[in-house]
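Asker:
In the working numbering, the protein residues as written are 1 to 377.
#1: Output the distance between the C-alpha atoms of residue 40 and residue 76, rounded to the nearest integer angstrom.
#2: If you follow the beta strand (DSSP E) that residue 294 is in, where does it begin and where does it stop?
#3: Among residues of its own chain, excluding the 5 on either side of residue 71, which ones have a beta-carbon nearer than 8 Å to its beta-carbon?
#4: Starting from residue 374, trace the alpha helix (DSSP H) in both directions and tell me its first and last residue.
#5: Give the single residue among 208, 304, 145 whose Cα lies nearest to the Cα of residue 169.
#6: On a Cα-Cα basis, can you pick out the residue from 90, 53, 30 that is closest to residue 68?
#7: Quick check on DSSP: helix, strand or coil for residue 268?
#8: Quick check: the Cα distance between residue 280 and residue 240, rounded to an integer number of angstroms?
#9: Which value, in whole angstroms, describes the spacing of the CA atoms of residue 97 and residue 236?
#10: Which class does residue 14 belong to by DSSP, given the choice of helix, strand or coil?
#11: Helix, strand or coil, according to DSSP, for residue 350 in the structure here?
#12: For residue 52, does the three-state DSSP call read helix, strand or coil?
#13: For residue 139 and residue 167, what's the separation of their Cα atoms in angstroms?
#14: How would you call residue 4, buried or exposed, if buried means at least 16 neighbouring beta carbons within 10 angstroms?
#15: Taking the Cβ atom as the reference point for each residue, do residue 52 and residue 189 lie within a distance shorter than 8 Å?
#16: Contact check, residue 278 vs residue 352 under 8 Å by CB: the rounded distance?
#17: Which class does residue 336 belong to by DSSP, given the choice of helix, strand or coil?
#18: Using alpha carbons as the reference points, say which of 119, 358, 109, 86 lies closest to residue 132.
#19: Across the segment 180-199 and the segment 341-357, are there enough close Cβ pairs to call them in contact, namely three or more that are closer than 8 Å?
#20: Report the three-state DSSP secondary structure of residue 4 (helix, strand or coil).
#21: How should residue 104 be labelled, buried or exposed, when 16 other C-beta atoms within 10 angstroms of its C-beta is the threshold for buried?
#22: Which of helix, strand or coil does DSSP assign to residue 343?
#23: Leaving out five residues on either side along the sequence, give the residues of the same chain with a beta carbon under 6 Å from the beta carbon of residue 297.
#24: Residues bridged to residue 385 by DSSP?
#25: Rounded to the nearest angstrom, what separates residue 309 and residue 177 at their Cα positions?
#26: From what residue to what residue does the alpha helix (DSSP H) around residue 177 run?
#27: Over the uninterrupted beta strand (DSSP E) stretch that includes residue 126, give me the two end residues.
#28: So, for residue 150: in the same chain, excluding its five sequence neighbours on each side, which residues have a beta-carbon less than 8 Å away from its beta-carbon?
#29: Hey, quick one: how far does the alpha helix (DSSP H) through residue 235 stretch, first residue to last?
#30: With distances taken Cα to Cα, identify the nearest neighbour of residue 346 among 22, 322, 161, 252.
#31: Leaving out five residues on either side along the sequence, give the residues of the same chain with a beta carbon under 6 Å from the beta carbon of residue 311.
#32: Span of the alpha helix (DSSP H) holding residue 86?
#33: Taking C-beta to C-beta, are residue 376 and residue 315 nearer than 8 Å?
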């Protein structure tokens, strides 16, 4: 696919039968958003849900693109940050969408990072008993992961993403140019999810990342587009096989059981971004795999070296401030969605590119590992 400006566009399809949708990847896609969205609308109207940071940088460009295609829009601007994934914010968003006159056959446009995409998707799933929505992810993390696959939701005091629904978007527009306004820390946090796809099932992609992460993070457009395409292709294949996470889709949670517990323990605050928690969690998953003799020694060190070079934290010691006792961290992990019958489940690895689901892990084994890991310098 090639745009009118001559720039290359990539398209990845998520094959779900009648609900199949496309992920468009490329530079300056926001300029074409109106033309790409217009054929999806039952009337020339959409509600845009975004946050303060994205609105400041990009909202006018999206509104202009929609207007050029004859689409009227109304923007709902929410506070930035993980704490927006709450019941209070969900209720406020639903009321604002209804006040804006959103009808059941309208389409809602989520324009932001993972928080906005997750929250907007959940609102779409429950508003008027279900409204279709479009994802325009603005962060690297959202472009490679959270905007694809239909997981929506909010956080609870008991843990992350524990309240939500599955609702697939009807289109995803991943404009790589939007990444240029991201702070370096946010970009690195998103990179953790890119690395995840190599670590869980594609050694050759991880090796490519080892060679190219530097230029990707510095802004090389081709490297970014390739990494996003590979990540989306990997996720699309898994989602098509297991949409509602009854089996293989759980592999996409590599590092997340540990990472989500750390996010909860730090109050979903700026102390630890989601991608940073995933980075620490992935290193812990490989160290736990070594601890349980599934993985050869030194593998976790290779993972940690790569993520650290990308500017990511790789150990609990890298988190500023105190953490709760190990017993409390394990208790948080019991709320993980993979847990069954009160037993913990983890995504572990036999090697880089060879992850698997390990069930019925005793709490004591996790506690022993965490105690050992905390002694690591």
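Ideal Cβ positions, reconstructed from N, Cα and C, are used throughout, including at glycine.
Answerer: Taking the coordinates as given:
#1: The residue given as residue 40 occupies position 40 in the chain shown. The residue given as residue 76 occupies position 76 in the chain shown. Using only the alpha carbons, I get a separation of about 21 Å.
#2: Sequence index remark: in the chain shown, residue 294 carries index 294 (1-based). Neither: residue 294 is in no beta strand (DSSP E) and is coded neither H nor E.
#3: Locating residue 71 in the chain shown gives position 71, counting from the first residue. Once the five neighbours on either side are set aside, the close Cβ partners of residue 71 are 34, 37, 38, 41, 44, 45, 46.
#4: In the chain shown, counting from the first residue as 1, residue 374 sits at position 374. Here the alpha helix (DSSP H) through residue 374 covers 363-374.
#5: Position 169 of the chain shown, counted from the start, is the residue given in the question as residue 169. Of the listed residues, the one whose Cα sits closest to residue 169 is 145.
#6: Numbered from 1 along the chain shown, position 68 holds the residue referred to as residue 68. Residue 68 has its Cα closest to that of 30, out of 90, 53, 30.
#7: Taking the chain shown and counting its residues from 1, the one referred to as residue 268 is at position 268. Residue 268 falls in the coil class under three-state DSSP.
#8: Start at 1 with the first residue of the chain shown, and residue 280 comes out as number 280. Start at 1 with the first residue of the chain shown, and residue 240 comes out as number 240. Between residue 280 and residue 240, the C-alpha separation is close to 28 Å.
#9: As a first step, residue 97 is located in the chain shown; it is residue number 97 there, counting from the start. As a first step, residue 236 is located in the chain shown; it is residue number 236 there, counting from the start. When rounded, the distance between both Cα atoms is 29 Å.
#10: Along the chain shown, one-based indexing puts residue 14 at 14. Three-state DSSP puts residue 14 in a strand.
#11: Here the question's residue 350 lines up with position 350 in the chain shown. Note: residue 350 maps to strand in three-state DSSP.
#12: If you number the chain shown from 1, residue 52 lands on position 52. Looking at residue 52 - three-state DSSP - the assignment turns out to be helix.
#13: Taking the first residue of the chain shown as position 1, residue 139 is located at position 139. Taking the first residue of the chain shown as position 1, residue 167 is located at position 167. Rounded to whole angstroms, residue 139 to residue 167 spans 20 Å at the Cα level.
#14: Mapped onto the chain shown, residue 4 falls at position 4. Per-residue confidence for residue 4 stands at a pLDDT of 49, beneath the threshold of 50, marking its modelled position as unreliable; the derived number appears in the next sentence. Per the 10 Å Cβ criterion, exposed.
#15: The count along the chain shown starts at 1 and reaches residue 52 at position 52. The count along the chain shown starts at 1 and reaches residue 189 at position 189. No, these two residues do not count as a Cβ contact at 8 Å.
#16: Along the chain shown, read from residue 1 onward, the residue named residue 278 stands at position 278. Along the chain shown, read from residue 1 onward, the residue named residue 352 stands at position 352. Incorrect: roughly 16 Å between the Cβ atoms, too far for contact.
#17: Here the question's residue 336 lines up with position 336 in the chain shown. Three-state result, residue 336: coil.
#18: In the chain shown, residue 132 corresponds to position 132, counting from 1. Cα-wise, what sits closest to residue 132 is 109.
#19: yes
#20: Position 4 of the chain shown holds residue 4. Because residue 4 sits at a pLDDT of 49, beneath the cut-off of 50, its placement in the model cannot be relied upon, and the point is left open.
#21: As a first step, residue 104 is located in the chain shown; it is residue number 104 there, counting from the start. Exposed, by the Cβ-count rule.
#22: Position 343 of the chain shown, counting from 1, holds the residue named residue 343. The answer is strand: DSSP assigns residue 343 an E or B state.
#23: What you label residue 297 is simply residue 297 of the chain shown in a count that begins at 1. Answer for residue 297: 290, listed in chain order.
#24: As shown, the chain starts at 1 and ends at 377. That puts residue 385 outside it, with no answer to give.
#25: Here residue 309 refers to the residue found at position 309 when the chain shown is read from its first residue. Here residue 177 refers to the residue found at position 177 when the chain shown is read from its first residue. If I take the Cα positions, the gap works out to 23 Å.
#26: Reading the chain shown from its first residue, position 177 is the one you call residue 177. Neither: residue 177 is in no alpha helix (DSSP H) and is coded neither H nor E.
#27: Within the chain shown, the letter at position 126 stands for residue 126. Per DSSP, residue 126 belongs to no beta strand (DSSP E); it is in the alpha helix (DSSP H), 114-126.
#28: If you number the chain shown from 1, residue 150 lands on position 150. Around residue 150: 121, 166, 167, 168, 169, 239, 243.
#29: Sequence index remark: in the chain shown, residue 235 carries index 235 (1-based). It spans 221-241 - the alpha helix (DSSP H) in which residue 235 sits, taken as one unbroken run.
#30: Position 346 of the chain shown holds residue 346. Taking only the C-alpha atoms, the option nearest residue 346 is 252.
#31: Taking the first residue of the chain shown as 1, we reach residue 311 at position 311. So the list reads 188, once near-sequence residues are dropped.
#32: What you label residue 86 is simply residue 86 of the chain shown in a count that begins at 1. Taken as a continuous stretch (DSSP letters only), residue 86 belongs to no alpha helix (DSSP H), as it is neither H nor E.
#33: Here residue 376 is taken as the residue at index 376 of the chain shown, counted from 1. Here residue 315 is taken as the residue at index 315 of the chain shown, counted from 1. Yes; because the gap between Cβ atoms is below 8 Å, this pair is in contact.
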